[in-house]
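Everything below concerns the one structure shown next.
2 protein chains.
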Amino acid sequence: MAWARLMRVSRQLSEKVEDALKRGDLPPLAWYDALHEIAAAGEAGIRPFLLIDRMLLVQYNVSRLLARLEGEGLIEKLEVPGDGRGQTVRITEAGRDLRRRMWAVYGQAIDGLVGRKLGTADLETLARLLGKLRDPPVD
Amino acid sequence: MAWARLMRVSRQLSEKVEDALKRGDLPPLAWYDALHEIAAAGEAGIRPFLLIDRMLLVQYNVSRLLARLEGEGLIEKLEVPGDGRGQTVRITEAGRDLRRRMWAVYGQAIDGLVGRKLGTADLETLARLLGKLRDPPVD
DNA sequence: CGGCTTTCGATGCAACTGCATCTATGTAGA
DNA sequence: TCTACATAGATGCAGTTGCATCGAAAGCCG
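Have a look at this one:
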């Protein structure tokens, strides 16, 4: 029961968020996640292989997502001084701007879909229970 | 917090289930869901458009999924007496067999990923909270 | 140094998805 | 009946993902 509901609800909710973004002529949620992580790394930027774990994506999807973001001028790729293989990706001003515009839609969608449906205590309980299902678990 | 965790945990878990199925040389989870719904309809079969809502898929994905299942001999398509547009899909013996073999892996994965991580009370609470997020909500 | 293995990231190809549209049948209203 | 619209399902095309593999740069070890 809990399993089935978890699968259905999560799909239903992320679909609604994607729809909201589409209605606002904005790119998919994955772009937001990436811009969020990259923005959090600041001016120093972040190594793509670190994004693999943080975004729960496989290597080739990160590679391609970053290629698209770069193509749109949302991030820039920089050489890494000590390592000729790697690169560092850093958010651009256009990237920060898009992230802000996406958050305006995304944040509001989350609020409507979750924040207004559960009280503070329920939200905390839900987060705690889900934490136990995480790998590694968080208590 | 709850939102982010819901997104991450659900993706992480369904990925693990898909991995388990792959390791067993079994098709993706969506095939199980479809076979499950179709099997539940029994000998009478079920109309594809009913699967759209039940599986949270869009029309063309149902159409193609059913085409694949039929191609593998897991279901059969029957004409509908009173309606020349539509069809009825019914599970075959091969379909029932595959569903059983998938469940052996799937069910065990669910148990390991969820059943053994939360007690009965927690599972019930989780299901209840998720129910409130559903559309339409279930209390 | 010289070969062997590992790590970082990109990519060719096949399968799958999203989007729009199509065909065919059914329904309703003038 | 004839026309307009609605519903069931399929499909062409472009974009995306999965899978395997590649190339290039490090790291390791005799």
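These protein sequence lines map, in sequence, to chains A and B. Under numbering that gives the first Met the number 0, the first residue of the first sequence is numbered 0, with each subsequent residue one higher. Under numbering that gives the first Met the number 0, the first residue of the second sequence is numbered 0, with each subsequent residue one higher. Backbone N, C-alpha and C fix where the C-beta goes; we use that ideal spot for every residue, glycine too.
- Under the 10 Å beta carbon count, B:G94 is surrounded by 16 or more other beta carbons and is classified as buried.
- When DSSP states are grouped into helix, strand and coil, A:G41 belongs to the helix group.
- Sorting A:P26, A:A43, A:D18, A:D24 by C-alpha distance to the C-alpha of A:I90 places A:A43 at the top.
- The criterion of a C-beta distance shorter than 8 Å is satisfied by A:V88 and A:L65.
- The beta-carbon of A:P136 is placed less than 8 Å from the nearest beta-carbon of chain B.
- Counting C-beta atoms within 10 angstroms of its own C-beta, A:R98 has 16 or more neighbours from the protein chains shown and is therefore classed as buried.
- Identification of residues in the stretch 1-24 of chain B having a C-beta nearer than 7 Å to some C-beta of chain A yields A1, W2, R4, L5, M6, R7, V8, S9, R10, Q11, L12, S13, given in sequence order.
- In the structure shown, B:V57 adopts coil according to DSSP, grouped into three states.
- The Cβ-Cβ distance between B:L128 and A:L117 falls below 8 Å.
- The beta strand (DSSP E) runs of length 3 or more contained entirely in the stretch 38-123 of chain B are, from start to end of the chain, 74-79, 82-90.
- Per DSSP, the continuous alpha helix (DSSP H) segment holding A:V8 begins and ends at 1-22.
- Of all residues in the stretch 120-132 of chain A, the ones placed with a Cβ closer than 7 Å to any Cβ belonging to chain B are D121, L122, T124, L125, A126, L128, L129, G130, K131, L132, in chain order.
- Straight-line measurement puts the Cα of B:R100 at about 10 Å from the Cα of B:D24.
- Within the stretch 30-63 of chain B, the residues whose Cβ lies closer than 7 Å to any Cβ of chain A are, in chain order, L55.
- Secondary structure at A:L25: coil, using DSSP grouped into helix, strand and coil.
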